[in-house]
Amino acid sequence: MPGTWLFLILVTLSVLGYIMGHRKAVSVSGGSNRVMHSLLPYHGWNVGLATFLAGLFVMVVAALARALAGVTDGNNIVLSVLTLAGAGAAFYLTYGRIERDYRARDGVEKMIRAILILASSIAILTTVGLVMSMLFEARNFFGQYPWTRFFFGTNWAPNFRGDSDLGMLPLLWGTLYVSFIALMVAVPVGLFAAIYLAEYAGPKLRAVAKPLLEVLAGIPTIVYGLFALITVGPILRDVFAIPLGLGESASSVATAGLVMGIMLIPFVSSLSDDIINAVPQAMRDGSFGLGATKSETIKKVVIPAALPGIVGAILLAASRAIGETMIVVMGAGAAARLSLNPFEAMTTVTVKIVSQLTGDTDFASPETLVAFALGITLFVITLGLNVLALYIVRTYREQYE
Amino acid sequence: MTDVTAAPASPARKTTSLYEVSARTRRRNSAEKRFRLYGLSAVLLGLMALIVLLSSILSQGMPAFRQTYVVMDVELRADKLDKNGNRDPADLAKLTTFAVAPLIKQATQTVATELGDDIEGLNDKMVGEMISKEAPGQLLRFVRANPDLIGTTQSFEFLANGRVDGYFKGRVTRASAELDNNISGQQLDLADAMVAEGMMETRFNWAFLTAPDASDQRPEAAGLGVAILGSLYMMMVVLCLALPIGVAASIYLEEFAPQNWLTDIIEVNISNLAAVPSIVFGILGLAIFINFAHLPQSAPIVGGLVLTLMTLPTIIISTRAALKSVPPSIADAALGLGASKMQTVFHHILPLAMPGILTGAIIGLAQALGETAPLLLIGMVAFVREYPGAPPEGLFDPATALPVQVYNWTQRSDPAFFERASGAIIVLLVFLVLMNTLAIILRRRFERRW
Numbered sequence: 078m079p080g081t082w083l084f085l086i087l088v089t090l091s092v093l094g095y096i097m098g099h100r101k102a103v104s105v106s107g108g109s110n111r112v113m114h115s116l117l118p119y120h121g122w123n124v125g126l127a128t129f130l131a132g133l134f135v136m137v138v139a140a141l142a143r144a145l146a147g148v149t150d151g152n153n154i155v156l157s158v159l160t161l162a163g164a165g166a167a168f169y170l171t172y173g174r175i176e177r178d179y180r181a182r183d184g185v186e187k188m189i190r191a192i193l194i195l196a197s198s199i200a201i202l203t204t205v206g207l208v209m210s211m212l213f214e215a216r217n218f219f220g221q222y223p224w225t226r227f228f229f230g231t232n233w234a235p236n237f238r239g240d241s242d243l244g245m246l247p248l249l250w251g252t253l254y255v256s257f258i259a260l261m262v263a264v265p266v267g268l269f270a271a272i273y274l275a276e277y278a279g280p281k282l283r284a285v286a287k288p289l290l291e292v293l294a295g296i297p298t299i300v301y302g303l304f305a306l307i308t309v310g311p312i313l314r315d316v317f318a319i320p321l322g323l324g325e326s327a328s329s330v331a332t333a334g335l336v337m338g339i340m341l342i343p344f345v346s347s348l349s350d351d352i353i354n355a356v357p358q359a360m361r362d363g364s365f366g367l368g369a370t371k372s373e374t375i376k377k378v379v380i381p382a383a384l385p386g387i388v389g390a391i392l393l394a395a396s397r398a399i400g401e402t403m404i405v406v407m408g409a410g411a412a413a414r415l416s417l418n419p420f421e422a423m424t425t426v427t428v429k430i431v432s433q434l435t436g437d438t439d440f441a442s443p444e445t446l447v448a449f450a451l452g453i454t455l456f457v458i459t460l461g462l463n464v465l466a467l468y469i470v471r472t473y474r475e476q477y478e
Numbered sequence: 020m021t022d023v024t025a026a027p028a029s030p031a032r033k034t035t036s037l038y039e040v041s042a043r044t045r046r047r048n049s050a051e052k053r054f055r056l057y058g059l060s061a062v063l064l065g066l067m068a069l070i071v072l073l074s075s076i077l078s079q080g081m082p083a084f085r086q087t088y089v090v091m092d093v094e095l096r097a098d099k100l101d102k103n104g105n106r107d108p109a110d111l112a113k114l115t116t117f118a119v120a121p122l123i124k125q126a127t128q129t130v131a132t133e134l135g136d137d138i139e140g141l142n143d144k145m146v147g148e149m150i151s152k153e154a155p156g157q158l159l160r161f162v163r164a165n166p167d168l169i170g171t172t173q174s175f176e177f178l179a180n181g182r183v184d185g186y187f188k189g190r191v192t193r194a195s196a197e198l199d200n201n202i203s204g205q206q207l208d209l210a211d212a213m214v215a216e217g218m219m220e221t222r223f224n225w226a227f228l229t230a231p232d233a234s235d236q237r238p239e240a241a242g243l244g245v246a247i248l249g250s251l252y253m254m255m256v257v258l259c260l261a262l263p264i265g266v267a268a269s270i271y272l273e274e275f276a277p278q279n280w281l282t283d284i285i286e287v288n289i290s291n292l293a294a295v296p297s298i299v300f301g302i303l304g305l306a307i308f309i310n311f312a313h314l315p316q317s318a319p320i321v322g323g324l325v326l327t328l329m330t331l332p333t334i335i336i337s338t339r340a341a342l343k344s345v346p347p348s349i350a351d352a353a354l355g356l357g358a359s360k361m362q363t364v365f366h367h368i369l370p371l372a373m374p375g376i377l378t379g380a381i382i383g384l385a386q387a388l389g390e391t392a393p394l395l396l397i398g399m400v401a402f403v404r405e406y407p408g409a410p411p412e413g414l415f416d417p418a419t420a421l422p423v424q425v426y427n428w429t430q431r432s433d434p435a436f437f438e439r440a441s442g443a444i445i446v447l448l449v450f451l452v453l454m455n456t457l458a459i460i461l462r463r464r465f466e467r468r469w
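Chains as they are written, first to last, in the numbering used here: chain A, 78 to 478; chain B, 20 to 469.
As structure tokens, then:
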């Protein structure tokens, strides 16, 4: 990669700039810091940073121009020459200006500030990149495939030869069904665990149980996926599905939902725990004073007071569940169908994004491009849920503060 | 007051004694107990899920760290390996595994005639299938490395076939062998006889950690070498990019940013990015880094860039918390002595916040290490047998990653790969535990409470 070498040359040049700038500052001042406006190292930093940033700026702009112009061959002498010229010019300008009254520190601080602003704007660039990359390809997709059939079609049958049915509803149904089961597991368990830990448990149990539950949140999803595939799936099949005559597949909505529910328990419990702890003690004391038992206080006073926060936590968990990929890829199966049987294999939006983009189909075909349309749908749904959750939490939180 | 005295006592209500527990009180008390029990069982259920999850993975995966080896003497016959008799490396390089296969066949048959005479129905084909399909390749590499040993008889340590290996780990039993076309009772008898002779043993499997992946036919040879290296490269990229960018962004937002619309947009963006599903970042990587910037597929650099974008919000959020926890009196003192704002931040606030920042960065890295979904989309599922080169060039070579390798192995047909996948999970979890321990130590040791 010649780019790496160019970068290394640039770094060497900047280090050289620092050393030379520092030296010149020393000779101009006669070795005394007092006669200069800025401390001596700032003069070195000024030359070095200016050289580096100018070179990098030219390099990035030239590379972008090349990419936009569609040049892909390795020959980029022009780029190298331009980069080094830019760096050299910056070096010459800053080096030549070193003298007693030169405000080198101001220059350095301006450059550092620019770097900081640039770093923060990467968050915006990422979002723009996310939306643009999906919108662009999704537009290509909708150029080849009518959007009404995508959003309202009830049949998902991609076909290598073209003429596929790419209706999203079976995938959406699978996603919602799996997420629903996951929440049915995670919300009661997580909520009751949070209530117990916040209201009943002694400090010892709390100190042990809370971090252990949070370990569940730190385990990578691929581990849960494998757990679903080799342990939970076969057990559910042998214990429930086959005796009840509901199906013979180890990968099923119930498998993925159950395992995903386990993953979400700490998510629900730690968020609810914080919220329950934020309910003022005076409200509990009032309830106790009226003769309510502890559980009555929790049911009638604490939970209603904490409800907006808890709903927010559940919505965040739902958004997690909808966007989760590995557990459903390994646990839910790949067959797109609209069915109510939880022991049947179904598929989700995320599974199909993976399978359409890792296949061998032509990139420009609607069978591949549909993944981008699915991606932007997923993005919009999860973003909507998050915004809603944050809105609910924020609107109702201030009541007790 | 008159109202109160005038009000008639409700006639329906019975007078009760406090010393006597009424039915209503009993009901309320038992409801209290039940509620408490629900809470406790929810906590226990969560903990039990954790125990079942970990013990299932551990029990499935531990056998992957042990491997059965077969020791046998192979005659390196010159008439098969070197027909011209000149030991020319160029000729040796042309040898194929077909040329060496007969040598191994001969060696296994010698073993079979020694040990397998009284095993009924044992044929040559069964004997040949006892050792891994990796053996000819191993022999070939040995011959190419030591051409002067051609013509002698050498002792080799071959991998046993996956099913034979499974027999000694309890994965394959005599009952399951009855139903399996790939292994027979006679082969298991021979394996027992070979163990008794000391020709076959099961011991710790270093190759699992160092060897590259192997094809569907030979699970016994598959290892994590390329995956660990690939994950390491990606973590390097993430550390080199996400930490400086994240810290710079947090410093700006926490210390310098004016209250305006641009700052608001950045803040909203960061909190939203933290909640975007990881697979969406994979789509971004595919569309921008591969299709637009023409970076190579399956390369650690692309994986590292995608994971960097994914980890940035985590690092920014934790870094801002660390910066916020440094008391303003320190900044005030520095400013009062005439330091510029920039000097205050870089000379005083940042060093004091460093332990918190590093803790957050390690936790972000651990999150990135376990992430799978975005890597699937940028082609890291590819079958890679070559180790990537040394960085920086090696960052552009194809590689795979630990979690992706797990996924890859679960997609194969041979059940021996499930054992490998669980073993790989154990390796992944060990790395995660190490990283989190480091984070905890950093926090305990260096973090100051003001």
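Cβ coordinates follow ideal geometry from the N, Cα and C atoms, glycine included. The model shown is predicted, which means the values in this text are computed figures rather than measured ones.
Taking the alpha carbon of Asn180(B) as the reference point, which residue from Lys152(B), Thr192(B) and Leu198(B) has its own alpha carbon closest? Lys152(B)
Looking only at C-alpha atoms, which of Leu117(A), Thr424(A) and Trp82(A) sits nearest to Ser329(A)? Ranking Leu117(A), Thr424(A) and Trp82(A) by Cα distance to Ser329(A) puts Thr424(A) first.
Using 8 angstroms as the limit for Cβ to Cβ distance, is Thr21(B) near chain A? Summary for Thr21(B): the model assigns pLDDT 48, below 50, so the residue's position carries little reliability; its value from the coordinates is reported in the next sentence. With 8 angstroms as the cut-off, Thr21(B) does not count as an interface residue toward chain A.
Taking Leu253(A) and Ser441(B) to be in contact with their CB atoms under 8 angstroms, please state how far apart those CB atoms are, rounded to whole angstroms. Not a contact, Cβ separation roughly 31 angstroms.
Alpha carbon to alpha carbon, how far is Leu252(B) from Glu186(A)? The amino acid at residue 252(B) is misidentified as Leu; the sequence shows Tyr. Approximately 33 angstroms, taken between the alpha carbons.
Tell me, please, whether the CB atom of Pro417(B) is closer than 8 angstroms to any CB atom in chain A? no
Which residues DSSP lists as bridging Trp233(A), in chain order: Checking the DSSP bridge columns, you'll see Trp233(A) partnered with Leu243(A).
Neighbour-count burial assignment, Trp280(B), 16 or more Cβ in a 10 Å radius: exposed
Using a Cβ distance threshold of 8 angstroms, determine whether the region 70-89 of chain B contacts the region 184-192 of chain B, with at least three qualifying pairs required. yes
Output, in chain order, the set of chain B residues within a Cβ distance shorter than 7 angstroms of Glu214(A). For Glu214(A), the C-beta contacts it makes with chain B under 7 angstroms involve Ala306, in order along the chain.
Count Cβ pairs between the region 265-280 of chain A and the region 292-307 of chain A that sit closer than 8 angstroms; are there 3 or more? no
Can you tell which of Leu95(B), Gly304(B) and Thr44(B) has the C-alpha that lies nearest to the C-alpha of Ala392(B)? Gly304(B)
Are Val299(B) and Phe456(A) touching if we call contact CB-CB under 8 angstroms? yes
Got a sec? Which residues, its chain only, sit under 7 angstroms from Ser234(B) by beta carbon, not counting five neighbours each side? none
Between Leu447(B) and chain A, is any beta-carbon pair separated by less than 8 angstroms? yes
Val266(A) and Gly65(B): beta carbons closer than 8 angstroms? yes
Under 8 angstroms, Cβ to Cβ, is there at least one residue of chain A near Thr171(B)? no
Go ahead and label Val112(A) buried or exposed: buried means 16 or more other beta carbons lie within 10 angstroms of its beta carbon, across all protein chains shown. exposed
Kindly give me the distance between the Cβ atoms of Ala372(B) and Thr363(B), rounded to whole angstroms, as I take these residues to be in contact under 8 angstroms. Not quite, the Cβ-Cβ distance comes to about 12 angstroms (not below 8 angstroms), so this is no contact.
What does a CB cutoff of less than 8 angstroms around Arg364(A) pick up in its chain, not counting 5 residues either side in sequence? Correcting the residue type first, residue 364(A) is Ser in the shown sequence and not Arg. Only Glu373, Thr374, Lys377 and Val378 meet the Cβ criterion.
Can you check which of these residues, Leu87(A), Leu202(A) and Phe168(A), is closest to Ser157(A) by C-alpha distance? Leu87(A)
Identify whether Leu178(B) lies in helix, strand or coil by the three-state DSSP scheme. Residue state for Leu178(B) is assigned as strand, using DSSP reduced to three classes.
For Ala294(A) and Phe269(A), the rounded distance between their alpha carbons: 17 angstroms
Spell out whether any CB of chain B is found under 8 angstroms from the CB atom of Phe344(A). Not one chain B Cβ lies under 8 angstroms of Phe344(A).
Using C-beta distances below 7 angstroms, list every residue in its chain close to Gln386(B), excluding the 5 sequence neighbours before and after it, in chain order. Thr330 and Thr333
Name the one or two DSSP bridge partners that Glu220(B) has. Tyr88(B)
Judging by CA-CA distance, which residue of Phe213(A), Ala383(A), Ala139(A) and Met245(A) is the nearest neighbour of Tyr473(A)? Ala383(A)
Below 8 angstroms on the Cβ atoms is my contact criterion, and I expect Ile445(B) with Ile70(B) to pass it. Report the Cβ-Cβ distance as a whole number of Å. The pair is not a contact, with the Cβ atoms about 16 angstroms apart (cut-off 8 angstroms).
Per DSSP, which residues does Ile150(B) bridge with? Please list them. Ala179(B)
Straight-line gap, Tyr222(A) to Leu460(A) (C-alpha atoms, nearest Å): CA-to-CA, the gap between Tyr222(A) and Leu460(A) works out to about 25 angstroms.
Backbone CA spacing between Gly94(A) and Val103(A) [nearest angstrom]: 14 angstroms
For Ser75(B), go through chain A and note every residue whose CB falls closer than 8 angstroms to its CB, in chain order. Phe304, Ile307 and Thr308
Met78(A) versus Phe213(A) - alpha carbon distance: With a pLDDT of only 49 at Met78(A), under 50, the local geometry of the prediction cannot be trusted, and no value is derived from it.
Partner residues on chain A for Gln79(B), Cβ-Cβ distance less than 7 angstroms: Ile307
Cβ contact (3+ pairs, closer than 8 angstroms) linking the region 409-423 of chain A and the region 331-342 of chain A: yes
Assuming contact is defined by CB atoms lying nearer than 8 angstroms, are Leu470(B) and Ile247(B) in contact in what I supplied? Only positions 20 to 469 of chain B appear in this structure, which leaves residue 470(B) out of reach.
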